Each structure stands twice: as C-alpha cells, then as structure tokens.
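Residue numbers (the working numbering): 353 to 457.
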C-alpha cells in the first residue's frame, strides 16, 4: 500500500518501504503515511449518506455479488507536512470512498 499526493508540480510518493498505516471502518477511513521528509494524513467520512451497493461480477458463476460499498458523497480531509511544517491542508465534500472485498472462492 502507498499514498501519492500531487501539489501543483510536486508529486509526493510514499510507498514501501515507507510506513503506511490505515484504520478503515464501515464509514470511516484514516490513512497515515510518512517518510523522513513528508507526513501525509487522509481522513475520510462517509456517514452523511448511506453507501451505494455495487454489484461485483463473478463470471465463472454467471452471477453478481454485493461486496462493493461506495460512499459517493463522502468527505475527505488531507494534510501534507514537509519537515513538520504544513504545506497543504484541505477538505473535499465530493469524495468517493469505497469499502470493497473480494468474493469468497
């Protein structure tokens, strides 16, 4: 897992071996990534509206299963720090937040 953020012309990639931690619930996402230079925090909240349930196709079984839950009206807050100083802090009320799982089998 990793986090990539673009701020203007600057692209910050925090991917392994940089630590990325996440806590994900039914309607809440918290992702934190850091390197010696950057810290990125993403907080997502999907509690304002119920999730849309999208079908996931199982072609071999010729059926769909409902294992993809999308909060299309979620809120996402992003904070980016460089050397401990906040260089970006912003919130979007148009976030698409997803909890999906692979069907068994």
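Note that the Cβ used here is the ideal one computed from N, Cα and C, for glycine as well.
From a predicted model like this one, the values you see are computed outputs, not experimental measurements.
Where residue i falls, given that 16 or more other Cβ within 10 Å makes a residue buried
i: residue 447; result: buried
i: residue 445; result: exposed
i: residue 385; result: buried
i: residue 439; result: exposed
Contacts around residue i, its chain only, beta-carbon distance under 6 Å, and the 5 residues preceding and following it disregarded
i: residue 367; result: 354
i: residue 409; result: 416
i: residue 442; result: 430
i: residue 375; result: 382
i: residue 364; result: 357 and 390
i: residue 399; result: 379
i: residue 377; result: none
Same chain, Cβ closer than 7 Å to residue i, five either side skipped, listed in chain order
i: residue 435; result: 389
Beta strand (DSSP E) segment containing residue i, residue limits
i: residue 409; result: 404–410
i: residue 413; result: Premise fails: residue 413 is in no beta strand (DSSP E) and is neither H nor E.
i: residue 394; result: 390–397
i: residue 366; result: 362–366
i: residue 359; result: 355–359
Where residue i sits in the DSSP three-state scheme
i: residue 446; result: strand
i: residue 378; result: coil
i: residue 436; result: coil
i: residue 387; result: coil
i: residue 425; result: strand
Proximity test, Cβ basis, 8 Å: residue i and chain C
i: residue 424; result: Absent from the structure: chain C. Only one protein chain is present.
8 Å Cβ shell around residue i - same chain, five flanking residues per side excluded
i: residue 450; result: 420, 421, 422 and 423
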